[in-house]
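Report on the structure given below.
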Amino acid sequence: MNRSDSKSIILERIRQALDDVQQTDHPKAIDRNYRMQSDMPDDECISLFAERVREYKAEVKIVDRADEMGAVLESLRSRNARRVVLAPGFPDKGLLEDEFTVVKDEPVPLSNKALDECDAVVTSSFLGIAETGTIILNGSEGQGRRALSLIPDFHVCVVPSNRIRGIVPEAIEELNNVIKKNPAPITFISGPSATSDIELNRVEGVHGPRTLHVIISMGAGACTGNISCRT
Amino acid sequence: MNTPTFEQTAKQYIENDQLRRNIGFATKTIREKRKTVVEEMPDWEELREAGQQIKDRVVKNLDSYLLQLEESVQRAGGHVHWARDGEEANQIIIDLVKDKGVSEVVKVKSITTDEIKLNDALQQAGIDALETDLAELIVQLANDEPSHILVPAIHKNRTEIKELFSSAIGLPDLSDSPEELTNAARLYLRKKFLNAKVGISGGNFAVAETGTISVVESEGNGRMCITMPEMLISVLGIEKVIPTWQDLEVFMQLLPRSSTAERMNPYTNFWTGVSENDGPKEFHLILLDNGRTRVLSDPGGRDTLHCIRCSACLNVCPVYERTGGHAYHSVYPGPIGAILTPQLRGPEDKSAASLPYASSLCGACYEVCPVKINIPEILVHLRGKVVSHQKETGGWRAKIQPEHAGMYMMARAFQSRSRYEGAQKLARGGMKLFERDGMVSKLPGYLSGWTSARDLKPIPNESFRDWWRTRQ
Ligand code: SF4
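For the record, the sequence lines run as chains A and B.
So the mapping is simple: my numbering equals the position in the first sequence, first residue as 1, plus 30.
So the mapping is simple: my numbering equals the position in the second sequence, first residue as 1, plus 122.
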C-alpha cells in the first residue's frame, strides 16, 4: 500500500471510530477554574522563586542591578572557570579579559568542540516562575541558541526580578504572545540536570550543566530581554 | 503469539526478592513525594478537571486536531508522516536515517518507540540506536526490558549496574557509587551527542495551534538529542495532540507533579518545526496509529487515550508493587498497561487479554490519575469484552463462564463509589468462610482462578481505599 494513503486511512479510521459522537461546531468551553494569576506581592514572589530554585540545589544570589556583573564574576571565580562563553546580546562590560578567556558565539557560531572546551556559560533569561522554581529561555536577547546553555558544565543565569511570575499559567500566557510571532525553541530549566535512576538516589548533573547559579537582578530597567517588561 | 499470561509471569516475579524490594522502595518513595507536591496545590482538582476536559475534546475531534497540527508543523518548516502501524513508522525512520547516510542514531527515552520495537527494526537495517537515558542505557546494555515507565532500571541494583558498565563499556575500575556510575555514563555519551547526525525522540504533547512539540525530561539527554543532531525525528501517538498553547498551562502543572513528583522536572524542551541557527536543520514528525483508532472506536474504553503517561497509577497499584513491570509483557505496565495493551492489541492476543485481570479493582489508580481516567471502570468493561469474546470463539466451557455474570455486577458496582464499597464489605463477609490460618489459598468454583497465582490474603477488614484514605 502506498504511504501517502496512510493519512487518509488513519483519518477514515478515526471518523468511523467516532461515529457515535455528536460533532458540534462549538464545543463547550473548557472549565478553567484553576488559578490563572497568583496574588503574591512582588517581593514574596521573588523570595519564593529564590527558595524554590535553591531547593533544586542551584545556587541563588539576589543582587542590585548595579552589582549584577560583580555577582557573575564572583560565581565564575568560585568555580575556577577560565574559558567562558557569553550569550550573544549579554552585556559584557566588566568581564575582565585578563582574568577570563571570553568566547563569543558570533559572528561565527562556535563548533561543538569549542563549546565543549568552555568551563562556563553566562546567559540572561526570558522569565522565571516562582511556584515551580523554573527559568525559561527562549533564545531572545542575552540567551543565545540552545547549545550554549547546554554543553558547558556550569551555567550562570541572570534573571531580572521584574521577569519573575508567580505561577505556571502566567508564564505560559506570556510565551503565548511571543511564540505566535516568533516560534523559537523554548527551554524550561528547573535546577541542574538530575537522575534518580540508580536505586532512586538523586544524582545532580548528568548531561546538562552540573552546576547552575542563578543571579536575581533587582530593580527597574533590569530587563535584558528584548521585549517590554511588565512594570 | 506465545507470550505468557500475566498470571504465569507474576508468579515468577513474586518470588524474585530483589525486584520486589526495589519496586516496593521506588513506588513508596515516589508515592509519598507525589502526595506532598500535589497537596500543596490549592487548585489540583480544578486542574485535573480541565485536563480531563481538554483530553476529552481532543479524542472526540481527533481528526481535525491532527490536520491542524500537520499544517502548523509544515508551516514551521517541519515534515509530517502518518503511520498506520509500528512497521510503517519504523520503515519511515529507516528510510530517513539511510538517506542521511549514517549508521548510528541517538535516542531519548520514548515508550512509543519501545511499543513499535524501533530499536530492533533499526538494528536489522544495520543502524545502531543508542539509548541515552541512564536507565534506558542500563536496560539496553543488559539486553533487558524496562520495568517501570519512569524508572525503567528499577529492577537493577547498583552492584549489578557497576558490573554491567565494566563489561559493556569497558570501565573496570568503577566503584558502585551512583555519582560515579552516573559520571561514567555522562562521559560515555558526550562524544556521541556532540557528533550525532540524527536524533530520535518521542514527545509528551503536540500543540495543534502552533505545531510545537514538547519533551519533558530530567537528565538533559533530551536536550542533547533534540538540539545537537542535524536531523530530528519524533514519533508521537496520534492521541498526544492538544488543541492550544494555553492548554500547556494545565499539563505542565499536572504532569511533573504526578510523574517525578516534582514541582517541575529539571528540563522541558519545546520546539516548533525548525529554527534558523538553533538546532536541527530538518525535523520529521511521525504520527502513529498502531491500534489507537481501535481504542478510539470503543466508547467504553476510549478514555484510555487521555493518558499522559505520568506513571502515578503504577506507584499506587498494589498489584504492580508486588509483581513489577515485567509481568505485564508490554511496554505499558501497571494499571494503564492493563487497560491500554489489550485494547491496542485486540482480543486475539491471549497474553494481553489476561491483563484486565491484573488488578484488585481497588480504585487507587483512578484517584491519582491527573486526567481522571476511570481505570477500574474500563478494566471491568474490558473484562466483560474478554469474556464475551471467549463466549463467541470458545467451546462450551467458555460459554458457561460464570465470570460473565459476575463482571456485569462488577460493572454496576463500579458506577458509584458507595455501591463499590458496599460490595466490598459484602465480599469481606463472604470470604471469612474460606479463610484458613489467616490466608485464603483456595477459593471455590470460578473464583479459583484468582487464587492460583496468589496466596490471597483475605480481604482485610479495612479496604485498600479505606486504608489509603486514612494514610493520606
Ligand atoms: S492512566 Fe492516568 S495515572 Fe496512569 S499513567 Fe496515564 S495519566 Fe498517569
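Heads up, the beta-carbon is just placed ideally off N, CA and C, and yes, glycines get one too.
Because the structure is a prediction, the values reported are computed rather than measured.
Beta-carbon within less than 8 Å of residue i's beta-carbon, same chain only, minus the 5 sequence neighbours each way: which residues are those?
i	result
R240 (chain A)	D183, F184, P222, S223 and E234
A144 (chain A)	V133
C253 (chain A)	Any answer about C253 (chain A) is weak, because its pLDDT of 40 lies below 50 and its placement is not dependable; what the coordinates show is given next. Once the five neighbours on either side are set aside, the close Cβ partners of C253 (chain A) are P190, N192, R193 and C259.
R156 (chain B)	R379, S380, A383, A434, N437 and V490
L218 (chain B)	V320, M353, I355 and H406
Q537 (chain B)	Residue placement at Q537 (chain B) cannot be trusted, given a pLDDT of 45 that sits under 50; the coordinates are not used to answer.
M70 (chain A)	L78, A160 and G196
R65 (chain A)	I197 and P199
L358 (chain B)	T234, G324, G325, A328, I335, L407, I408, L409 and L410
In chain B, what lies closer than 7 Å to residue i by C-beta?
i	result
S36 (chain A)	W204, A205, R206 and E210
K91 (chain A)	Chain B residues near K91 (chain A): none, gap ~20 Å exceeds 7 Å.
I245 (chain A)	None at all; the shortest Cβ gap to chain B is about 19 Å.
V233 (chain A)	P300, E301 and T304
T164 (chain A)	M386
Which residues in chain A have a C-beta closer than 7 Å to the C-beta of residue i? List them in chain order.
i	result
E168 (chain B)	N63 and Y64
P421 (chain B)	D50
R156 (chain B)	Going along chain A, no residue has its Cβ under 7 Å from R156 (chain B), so there is no contact; the nearest lies around 13 Å.
S120 (chain B)	As shown, chain B starts at 123 and ends at 594. That puts residue 120 (chain B) outside it, with no answer to give.
K182 (chain B)	L48 and V51
L240 (chain B)	The contacting residues do not exist; L240 (chain B) stays about 17 Å from chain A at best.
Flag this pair as yes or no: are the beta carbons of residue i and residue j separated by less than 7 Å?
i	j	result
I283 (chain B)	L303 (chain B)	yes
A434 (chain B)	V490 (chain B)	yes
R95 (chain A)	S247 (chain A)	yes
T394 (chain B)	L311 (chain B)	no
L427 (chain B)	V181 (chain B)	yes
W204 (chain B)	L354 (chain B)	no
R153 (chain B)	V438 (chain B)	yes
D411 (chain B)	R206 (chain B)	yes
G119 (chain A)	E171 (chain A)	yes
V208 (chain A)	S179 (chain A)	no
Y389 (chain B)	R431 (chain B)	no
T217 (chain A)	N391 (chain B)	yes
Contact check, residue i vs residue j under 8 Å by CB: the rounded distance?
i	j	result
T235 (chain B)	G173 (chain B)	T235 (chain B) to G173 (chain B), Cβ: 25 Å. No contact.
H237 (chain A)	G342 (chain B)	4 Å
F327 (chain B)	S336 (chain B)	5 Å
V396 (chain B)	E404 (chain B)	7 Å
I360 (chain B)	F373 (chain B)	About 17 Å; that fails the 8 Å criterion.
A306 (chain B)	L316 (chain B)	With a Cβ gap of about 17 Å, A306 (chain B) and L316 (chain B) do not count as contacting.
L184 (chain B)	I44 (chain A)	5 Å
In the DSSP assignment, find the beta strand (DSSP E) that holds residue i and state where it starts and stops.
i	result
R94 (chain A)	The displayed chain sequence assigns Asp, not Arg, to residue 94 (chain A). Its beta strand (DSSP E) spans residues E89 to D94.
W204 (chain B)	H201 to A205
E331 (chain B)	E331 (chain B) -> no beta strand (DSSP E), and no H or E assigned at all.
S247 (chain A)	T241 to M248
R264 (chain A)	Residue 264 (chain A) lies beyond the stretch modelled for chain A, which goes from 31 to 261, so this question has no answer here.
T131 (chain A)	T131 to K134
L409 (chain B)	E404 to L410
K208 (chain B)	The amino acid occupying residue 208 (chain B) in the given sequence is Gly; Lys does not appear at that position. From DSSP, G208 (chain B) is part of no beta strand (DSSP E) but of the alpha helix (DSSP H) over G208 to K222.
F156 (chain A)	From DSSP, F156 (chain A) is part of no beta strand (DSSP E); its letter is neither H nor E.
List, in chain order, every chain A residue whose beta-carbon is nearer than 8 Å to that of residue i.
i	result
Y389 (chain B)	T217, F218, I219, S220, S223 and G238
T426 (chain B)	None at all; the shortest Cβ gap to chain A is about 13 Å.
N343 (chain B)	V236 and H237
Give me, in chain order, the residues of the same chain whose beta-carbon lies closer than 6 Å to that of residue i; leave out the 5 immediate sequence neighbours on both sides.
i	result
A251 (chain B)	V227, K229, N241 and L244
L418 (chain B)	R424
Q594 (chain B)	Residue placement at Q594 (chain B) cannot be trusted, given a pLDDT of 40 that sits under 50; what the coordinates show is reported in the next sentence. There are no such residues.
A330 (chain B)	Y187, Q190, L191, V363 and P365
V453 (chain B)	I233, D236 and E237
Which stretch, first to last residue, makes up the alpha helix (DSSP H) that contains residue i?
i	result
C435 (chain B)	A434 to N437
I76 (chain A)	D72 to E85
G459 (chain B)	G456 to R467
L244 (chain B)	L240 to Q246
N343 (chain B)	N343 to T349
S476 (chain B)	Per DSSP, S476 (chain B) belongs to no alpha helix (DSSP H) and is neither H nor E.
F287 (chain B)	R280 to A290
Which chain B residues are close to residue i, counting only those with a beta carbon under 8 Å from its beta carbon?
i	result
E161 (chain A)	R385
I202 (chain A)	W367, Q368, L370, E371 and M374
N206 (chain A)	W367 and Q368
Interface residues of chain B around residue i at Cβ under 9 Å?
i	result
I194 (chain A)	Residues of chain B passing the Cβ test: none, with the nearest at roughly 14 Å.
D69 (chain A)	By Cβ distance, chain B contributes nothing, its closest Cβ being about 11 Å from D69 (chain A), past 9 Å.
R175 (chain A)	T349, S397, N399, D400 and G401
Apart from the five residues just before and just after residue i, which ones in its own chain have a Cβ nearer than 7 Å to its Cβ?
i	result
K319 (chain B)	K222, V224, P351, E352 and M353
F287 (chain B)	L293, L296, L303 and A306
G551 (chain B)	Because the pLDDT at G551 (chain B) is just 43, under 50, the model does not fix this residue reliably, and the value given afterwards should be weighed accordingly. Excluding positions up to five away in sequence, the list is empty.
Give the interface partners of residue i over in chain A, defined as CB-CB distance under 9 Å, in chain order.
i	result
D411 (chain B)	S36, I39, I40, R43 and I44
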